[in-house]
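Reviewing the structure listed below.
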Amino acid sequence: MLEVRDLITHYGSSQALFGVSLNVEPGQVATLLGRNGMGKTTTISSIMGIVAASSGSIRFEGQELVGQKSFRTANLGLGLVPEGRQIFPNLSLRENLVATASNHLNLPNPWTVDRVFALFPELETRLTSMGNLLSGGEQQMLAIGRALMTNPRLLILDEATEGLAPLVRRKIWAALSEIRAQGLAILVVDKNLQDLKRIADRHFIIQRGRVVWSGTSDELDANGEAQSRYLGL
Ligand SMILES: Nc1ncnc2c1ncn2[C@@H]1O[C@H](COP(=O)(O)OP(=O)(O)OP(=O)(O)O)[C@@H](O)[C@H]1O
Ligand SMILES: [Mg+2]
Numbered sequence: 000m001l002e003v004r005d006l007i008t009h010y011g012s013s014q015a016l017f018g019v020s021l022n023v024e025p026g027q028v029a030t031l032l033g034r035n036g037m038g039k040t041t042t043i044s045s046i047m048g049i050v051a052a053s054s055g056s057i058r059f060e061g062q063e064l065v066g067q068k069s070f071r072t073a074n075l076g077l078g079l080v081p082e083g084r085q086i087f088p089n090l091s092l093r094e095n096l097v098a099t100a101s102n103h104l105n106l107p108n109p110w111t112v113d114r115v116f117a118l119f120p121e122l123e124t125r126l127t128s129m130g131n132l133l134s135g136g137e138q139q140m141l142a143i144g145r146a147l148m149t150n151p152r153l154l155i156l157d158e159a160t161e162g163l164a165p166l167v168r169r170k171i172w173a174a175l176s177e178i179r180a181q182g183l184a185i186l187v188v189d190k191n192l193q194d195l196k197r198i199a200d201r202h203f204i205i206q207r208g209r210v211v212w213s214g215t216s217d218e219l220d221a222n223g224e225a226q227s228r229y230l231g232l
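In this note's numbering, the protein residues as written are 0 to 232.
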């Protein structure tokens, strides 16, 4: 579904990615792991067209994304839950959900505000609250709901549960499992390896702008060296 090959990305004259290759299969969950500053967000920003790739290829359902504008990428069916959530502070929760809603692929049974509330019941009571008055957990649920309202086929989450309390984190993981059961593919970055291992089909470890290891949760469990060398565990 998503195939990234030899992706190289610069910030000005500074090179951040040195050839990232990874793939996400339809309906599967893949993770991007690695320590701080290794290039996870840059990889995601490159896929989404927020940062321009210098070279390499990013194919989504056969279409080349390198060189596309970010709105075109989103319209092709990629939904982003960005690092830091980026909720619109001066819009209500409901307005945040509908502001960027779309269904460019004309998917059947599109996401609605009610479907988001079925996934995250706690959001419903906060319908009219302004974005900046929501808790971190509410903001993250809203960011996921907002991305779903664009009816993506692949949902990309950068730091899915960062800074959230354990109870809220559990709700996020449960929601992601449910979304996955509904057929969405997911590419997720998070620091909590235990939760990621439960949900993921495949992991990609990135080290200084390169994917240096990939495998299943069982393979990662069995590979203590990769865990300590690349993840500091
Ligand atoms: N806007 C930017 N301008 C210049 N350099 C940047 C920019 N964003 C990131 N970098 C650099 O690119 C490299 C990769 O950063 P990136 O944010 O992709 O890492 P990350 O794996 O997401 O880290 P973290 O776990 O801290 O979120 C780092 O060396 C970082 O300093
Ligand atoms: Mg990051």
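Glycine included, each C-beta is placed from N, C-alpha and C at the ideal position.
Just so it is clear, the structure is predicted and the values come from calculations on it, not from any experiment.
Note down the Cα distance separating Asn-35 from Ile-155, rounded to an integer number of angstroms. Locating residue 35 in the sequence shown gives position 36, where the first residue counts as 1. Locating residue 155 in the sequence shown gives position 156, where the first residue counts as 1. Cα to Cα, the separation comes out at about 18 Å.
Cutoff 8 Å; reference Gly-231; Cβ partners in own chain excluding five residues on either side: Here residue 231 refers to the residue found at position 232 when the sequence shown is read from its first residue. Counting only Cβ-Cβ distances below 8 Å, and skipping sequence neighbours, we find Arg-34.
Pick from Thr-40, Glu-123, Ser-45 and Leu-118 that is closest to Arg-4, judged by C-alpha positions: Taking the first residue of the sequence shown as 1, we reach residue 4 at position 5. Among Thr-40, Glu-123, Ser-45 and Leu-118, the Cα nearest to that of Arg-4 belongs to Ser-45.
Cα-Cα separation between Thr-40 and Glu-82, rounded to whole angstroms: For this step, residue 40 is matched to residue 41 along the sequence shown. For this step, residue 82 is matched to residue 83 along the sequence shown. C-alpha separation (whole angstroms): 8 Å.
Is the beta carbon of Val-28 sitting closer than 9 Å to the one on Asp-189? Here residue 28 corresponds to residue number 29 of the sequence shown, with the count starting at 1. Here residue 189 corresponds to residue number 190 of the sequence shown, with the count starting at 1. No.
Coil, strand or helix - Glu-158 by DSSP: Locating residue 158 in the sequence shown gives position 159, counting from the first residue. If DSSP states are grouped into helix, strand and coil, Glu-158 belongs with coil.
With respect to 8 Å, is the separation between the Cβ of Ile-205 and the closest non-hydrogen atom of ligand 1 below this value? Working through the sequence shown from its first residue, we reach residue 205 at position 206. Result yes, Cβ under 8 Å from ligand 1.
With a threshold of 8 Å, establish whether the CB of Thr-40 neighbours any heavy atom of ligand 2. Start at 1 with the first residue of the sequence shown, and residue 40 comes out as number 41. Yes, since a heavy atom of ligand 2 falls inside the 8 Å radius drawn around the Cβ of Thr-40.
State yes or no: is the C-beta of Phe-70 within less than 9 Å of the C-beta of Leu-1? By 1-based counting over the sequence shown, the position of residue 70 is 71. By 1-based counting over the sequence shown, the position of residue 1 is 2. Contact flag unset, no.
Cutting at 8 Å between CB atoms, please list the residues of its own chain near Arg-125, excluding the five before and the five after it. To locate residue 125, count along the sequence shown from 1; it is residue 126. Once the five neighbours on either side are set aside, the close Cβ partners of Arg-125 are Leu-92, Leu-133 and Glu-137.
State the CB to CB distance for the pair Trp-172 and Leu-147, rounded to an integer number of angstroms; the pair is presumed to be in contact (CB under 8 Å). Against the sequence shown, residue 172 aligns to sequence position 173. Against the sequence shown, residue 147 aligns to sequence position 148. With a Cβ gap of about 16 Å, Trp-172 and Leu-147 do not count as contacting.
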